[in-house]
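Participant: Input: one structure, supplied below.
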Amino acid sequence: MNSKFEKNGYLILKNLIPQDLADYCTAVAFELIRDGRYVYAGVPPHEHSRTWNVGGHSCTCHFGVNPFYMLLYSLTPKISEILEQEIVPTYCYQRTYLRGSLMAYHTDRASSQYALTMNLGQSHKWPISIVNRSTGKHDQFQGNPGDAMLYMGTALEHHRNNYEGDWYTQLMMMWVNKEGYIGPPFDNELCEEHHYDKKVHEEAQTPEEAKNSYLTNWKDILYRDNISNVAPFPLALESDLWHSSQATKHGQVPRWGVVKGKNFNPIVKKLKDDEPHEV
Ligand SMILES: [Fe+2]
763 MNSKFEKNGY LILKNLIPQD LADYCTAVAF ELIRDGRYVY AGVPPHEHSR
813 TWNVGGHSCT CHFGVNPFYM LLYSLTPKIS EILEQEIVPT YCYQRTYLRG
863 SLMAYHTDRA SSQYALTMNL GQSHKWPISI VNRSTGKHDQ FQGNPGDAML
913 YMGTALEHHR NNYEGDWYTQ LMMMWVNKEG YIGPPFDNEL CEEHHYDKKV
963 HEEAQTPEEA KNSYLTNWKD ILYRDNISNV APFPLALESD LWHSSQATKH
1013 GQVPRWGVVK GKNFNPIVKK LKDDEPHEV
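Each residue of the sequence shown is one higher than the last, beginning at 763 in my numbering.
Here it is in structure tokens:
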């Protein structure tokens, strides 16, 4: 295991993702909130009052409609390399905190053996405190968008004080070891049982289940509404240009009105024979 992580119980990962990606994630989060895809965690005494959530236990929409799993899966090899451990994803959720929200002093559930909290955007700063494994003292970390803290989620207490800014957009990603036990305080919990968070959310899909699902349902999904009864474009299919071995310039691929010698698009008024046209 990474020696610094083992000693302090956490690592700071500056620029884990590019700022542009963090900005885009915040834009996605806000659009999903606007479109009603997020759950508002409500009013106190709800544990996560004054937050918008996707994918967490505060939210009914679990795996499958949470776009941030793309980041969880794509970052897994990098986090595995940093930790020097073979790890498997468990779950992730994205939460946007509003003025007045807080994060009580706590440790994470068993599926969070390795937890990562990454800032995606913020109107004002909001440091997180974590108990340093070697000193026992509270260390503070304030990240910029794209910066993350990787920590022992089940073992180390962490918290945030009352937020006085307008909004703070954060992504949490979790992993467990491929084999072995979670460790204190979950000494008897097998890591394997927590892979992809199946132990907590039976409906959660493993990557294999997700793949089987689309392989089983592709026809109903892609060819719904009798799309398969709509004829393809016959002239395009017949054209020489469509089958030409000569590369076409951008904008000259056969589209409406650009098929060789076939004036089938009434919008294109001056088609010369034997010459492709841009529309
Ligand atoms: Fe936590």
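Beta carbons: idealized from backbone N, C-alpha and C, even for Gly.
Predicted model only: the values in this text are computed from it and were never measured.
Look up residue 783 in the DSSP assignment and say whether it is helix, strand or coil.
Facilitator: Here the question's residue 783 lines up with position 21 in the sequence shown. It is helical.
Participant: According to DSSP, is residue 770 helix, strand or coil?
Facilitator: Position 8 of the sequence shown holds residue 770. Three-state result, residue 770: helix.
Participant: Compute every distance between the C-beta of residue 915 and the non-hydrogen atoms of ligand 1, then say whether any falls below 7 Å.
Facilitator: Taking the first residue of the sequence shown as position 1, residue 915 is located at position 153. Yes; taking the cut-off as 7 Å, the Cβ of residue 915 has a heavy atom of ligand 1 nearer than that.
Participant: Are the Cβ atoms of residue 788 and residue 883 separated by less than 8 Å?
Facilitator: By one-based count along the sequence shown, residue 788 stands at place 26. By one-based count along the sequence shown, residue 883 stands at place 121. Cβ distance < 8 Å, so residue 788 and residue 883 count as in contact.
Participant: The alpha helix (DSSP H) spanning residue 832 covers which residue range?
Facilitator: As a position in the sequence shown, residue 832 is number 70, starting the count at 1. Taken as a continuous stretch (DSSP letters only), the alpha helix (DSSP H) holding residue 832 covers 831-845.
Participant: Buried or exposed: which applies to residue 851, given that a residue is buried once 16 or more other Cβ atoms fall within 10 Å of its Cβ?
Facilitator: Counted from its first residue, the sequence shown places residue 851 at position 89. Looking at its Cβ environment, which holds 16 or more other Cβ atoms inside 10 Å, residue 851 is buried.
Participant: Beta carbon of residue 911, beta carbon of residue 774: below 8 Å?
Facilitator: To locate residue 911, count along the sequence shown from 1; it is residue 149. To locate residue 774, count along the sequence shown from 1; it is residue 12. Yes. Within cutoff.
Participant: If you drop the 5 nearest sequence neighbours on each side, which residues of the same chain put their C-beta closer than 7 Å to that of residue 879?
Facilitator: One-based indexing of the sequence shown puts residue 879 at position 117. If we look at residue 879 and ignore the five residues flanking it on each side, its Cβ neighbours are 890, 910, 911, 932, 934.
Participant: What does the Cβ neighbour count give for residue 871, buried or exposed, with the cut at 16 atoms within 10 Å?
Facilitator: Indexing the sequence shown from 1 puts residue 871 at position 109. By the neighbour-count rule (16 or more Cβ atoms within 10 Å), residue 871 is buried.
Participant: Leaving out five residues on either side along the sequence, give the residues of the same chain with a beta carbon under 6 Å from the beta carbon of residue 823.
Facilitator: Sequence index remark: in the sequence shown, residue 823 carries index 61 (1-based). With a pLDDT of 46 at residue 823, under the threshold of 50, the modelled position of that residue is not reliable, and the figure given next carries that caveat. Closer than 6 Å at Cβ, skipping near neighbours: no residue.
Participant: Looking only at its chain, what residues have a beta carbon closer than 6 Å to the beta carbon of residue 776, apart from the 5 residues adjacent to it on each side?
Facilitator: Here residue 776 refers to the residue found at position 14 of the sequence shown. The residues are 909.
Participant: Is it buried or exposed for residue 897, if we count other Cβ within 10 angstroms and need 16 for buried?
Facilitator: As a first step, residue 897 must be located in the sequence shown, where it is residue number 135. Label assigned to residue 897: exposed.
Participant: Does the distance from the CB of residue 953 to the CB of residue 941 come in under 8 Å?
Facilitator: Stepping through the sequence shown from its first residue, residue 953 is reached at position 191. Stepping through the sequence shown from its first residue, residue 941 is reached at position 179. Contact: yes.
Participant: To which residues of the same chain is residue 943 closer than 8 Å at the C-beta, ignoring the five residues directly before and after it?
Facilitator: One-based indexing of the sequence shown puts residue 943 at position 181. The residues are 949, 950, 951, 952, 953.
Participant: Among residues of its own chain, excluding the 5 on either side of residue 923, which ones have a beta-carbon nearer than 7 Å to its beta-carbon?
Facilitator: Stepping through the sequence shown from its first residue, residue 923 is reached at position 161. Correct list, in chain order: 864.
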